[in-house]
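Enquirer:
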Amino acid sequence: MYREWAPDLAIAGRVTCLWTSTATSAGTKLVLPDGSVDLIWGPDGPRVAGPDTGPQPVRMSPGDRYVGIRFRPGAVGEVFGVPVEALRDLRVPLAELGVLPELTAGTMRNAPGVLPGLTAGTMQEALAVRLRATPAPDPAAPAIAAALGAGKSVAEVAWDLGLGERQLHRRSLRAFGYGPKVLQRVVRFQRALRLARRGTALAEVAAASGYADQAHLANEVRRLAGVPLGRLLGRT
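The sequence shown begins at 1 in UniProt numbering and counts up by one.
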């Protein structure tokens, strides 16, 4: 069971949502690339989930509960004390990063949103203090992600922002943890997945998301998700 809710205003500019997920049966869940970084409390304690370039399998047992804070793509900056590219495709215990020590206690086997002595409110308050103490992320990051998500090429995005392609690559790496070509693949994949889950015909999904054709869509889904699109949609 999964649910999410809006963050407090103090962190809403940098955070997409807070969320909880509880396993009702044993199995493996695939976490898919979405351009985000999450701070997650789970059975093994709090960890930072860096930006992914491929599927991340998570083995779950009945009753396992996770609570997370999801950063907007490009908005994490150096909140965790390291460049975001250093977290790419990793799950790093928060204690190893040496930041936000007030959020490192306990494991998530309690009521949703609550750790021993730690509520969703205090989580957000501590994060708000940390956000104010670290440099702001690249202000161009939302425009980069939006333009690539709208189907513009890397060269077009660089031109629109008045940047060289090498400059765009460096800024994308600092903001998102990977270069603009990978970011483009991720945001295109996420757009296709949203459309497909609404019941849009796959040929239309491919065209609307910027793929050459349905075969191109199918191949990219396998690369980024590790499974066919039909499985992600629950059709196989």
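Ideal Cβ positions, reconstructed from N, Cα and C, are used throughout, including at glycine. What you are looking at is a predicted structure, and each value in this text was computed from that prediction instead of being measured.
Examine the Cβ distances between the stretch 170 to 189 and the stretch 20 to 39 and report whether three or more of them are shorter than 8 Å.
Expert: Taking 8 Å as the limit for Cβ pairs, the verdict is that the stretch 20 to 39 does touch the stretch 170 to 189.
Enquirer: Only counting the same chain, and skipping five residues up and downstream in sequence, which positions put a Cβ closer than 6 Å to that of residue 110?
Expert: As a working mapping, residue 110 is identified with position 110 in the sequence shown. Its pLDDT being 41, under 50, residue 110 is placed unreliably by the model, and nothing is read from it.
Enquirer: Helix, strand or coil, according to DSSP, for residue 109 in the structure here?
Expert: Your numbering for residue 109 matches position 109 in the sequence shown. Any reading at residue 109 must be qualified, since the residue scores a pLDDT of 40, below 50, and its modelled position is unreliable; no value is offered.
Enquirer: As an exercise, report each continuous alpha helix (DSSP H) stretch of at least 4 residues that is fully enclosed by the stretch 56 to 139, in chain order.
Expert: DSSP runs (the alpha helix (DSSP H)) wholly in the stretch 56 to 139: 94 to 97 and 120 to 133.
Enquirer: Between residue 215 and residue 182, what straight-line distance do the alpha-carbon atoms span, to the nearest angstrom?
Expert: For the purposes of this step, residue 215 is identified with residue 215 of the sequence shown, where counting begins at 1. For the purposes of this step, residue 182 is identified with residue 182 of the sequence shown, where counting begins at 1. Rounded to the nearest angstrom, the two C-alpha atoms are 19 Å apart.
Enquirer: What is the DSSP secondary structure of residue 224, counted as helix, strand or coil?
Expert: To locate residue 224, count along the sequence shown from 1; it is residue 224. Residue 224 falls in the helix class under three-state DSSP.
Enquirer: Label residue 168 either buried or exposed according to how many other C-beta atoms from any shown protein chain fall within 10 Å of its C-beta, with 16 as the threshold for buried.
Expert: Counting from one through the sequence shown, the residue named residue 168 turns up at place 168. Classification for residue 168: buried.
Enquirer: For the alpha helix (DSSP H) that residue 142 lies in, which residues bound it at each end?
Expert: In the sequence shown, counting from the first residue as 1, residue 142 sits at position 142. Residue 142 -> alpha helix (DSSP H) spans 141 to 149.
Enquirer: Using a Cβ-Cβ cut-off of 7 Å (strictly less than) and excluding sequence neighbours within five positions of residue 140, which residues of its own chain qualify?
Expert: Residue 140 sits at position 140 when you count from the first residue of the sequence shown. Only 161 and 171 meet the Cβ criterion.
Enquirer: Sorted by chain position, which residues of the same chain lie with C-beta nearer than 7 Å to residue 108's C-beta, five sequence neighbours on each side aside?
Expert: As a first step, residue 108 must be located in the sequence shown, where it is residue number 108. The predicted position of residue 108 is uncertain, since its pLDDT is 39 and thus under 50; a value taken from the coordinates is nonetheless stated next. Excluding residues within five positions, the ones whose Cβ falls inside 7 Å are 41, 42, 43, 65, 66, 67 and 115.
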